[in-house]
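In the working numbering, the protein residues as written are 36 to 222. By construction, the Cβ of each residue, glycine as well, lies at the ideal position given by its N, Cα and C atoms.
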């Protein structure tokens, strides 16, 4: 039996279009981000604790599934205990947190990457690296912009992340990234 799409604030959401990716347990996987997405998905689906537990078990693949199988039944059968165990096992160790901070400063805006996507990635990296220093986040964000975006941003007030983001949006919208004019003649 097919479910009827739900209408929320005049937006139609098909139940089939909202999905949840599995958790693999790879070194590159961000367990905190995955759990946050999982809990948002479970809230959307209005799952009970029992339903969350079953779905979480189903979504574990590869290393995550192996870890799940190694757990004691009392942990496996309690959602909060299972979630805590997953965080303890798959969160980046404190000794490697410096890698998150380094990523913040080495992340560059891609050639075709919109500023919105780049800025969201920087803010996410700042959160992951537990950087509470707004100045460092600003510096990292500005440093990674495409050169023409960076130039436009540096010419405007940049006291807050919001000001930098607004300047970058304006620069991108003004087509600052266009190629040199074709009417310039080479000598």
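For residue 188, the CB contacts under 8 angstroms within the same chain, skipping 5 residues up- and downstream, are 177, 180, 199, 202, 203 and 206 in chain order. Under the criterion of beta carbons closer than 8 angstroms, residue 57 and residue 96 qualify as touching, at roughly 4 angstroms. Apart from the 5 residues on each side of it in sequence, residue 88 sits with its Cβ closer than 6 angstroms to the Cβ of 114 in its chain, given in chain order. Residue nearest to residue 64 within the set 99, 197, 158 and 139 is 99 (criterion: CA-CA distance). Of the other Cβ atoms in all chains shown, 16 or more fall within 10 Å of the Cβ of residue 157; this residue is therefore buried.
Under DSSP, residue 58 shares a beta bridge with 95. For residue 64, the secondary structure class from DSSP, reduced to helix, strand or coil, is coil.
Selection 148, 195, 53 and 146 evaluated against residue 80 yields 53 as nearest (Cα-Cα).
Straight-line spacing of the CA atoms in residue 109 and residue 195 works out to 47 angstroms.
Within its own chain, the residues whose Cβ lies closer than 7 angstroms to the Cβ of residue 103, once the five positions on either side in sequence are excluded, are 92, 95 and 111, listed in chain order. By the neighbour-count criterion, in which 16 or more other beta carbons inside 10 Å mark a residue as buried, residue 154 falls on the buried side.
Residue environment: residue 133 is assigned as exposed (fewer than 16 neighbouring CB atoms within 10 Å of its CB, all protein chains considered). Within a 10 Å sphere around the beta-carbon of residue 152 sit fewer than 16 other beta-carbons, which makes this residue exposed.
Excluding five sequence positions before and after residue 55, the CB atoms of its chain that fall closer than 8 angstroms to its own CB belong to 72, 73, 76, 90 and 94, given in chain order. A straight-line Cα-Cα distance of about 13 angstroms links residue 121 and residue 107. In this model, residue 148 and residue 142 are separated by some 12 angstroms (Cα to Cα). For the 7 angstroms CB-CB criterion, residue 125 and residue 66 form a contact.
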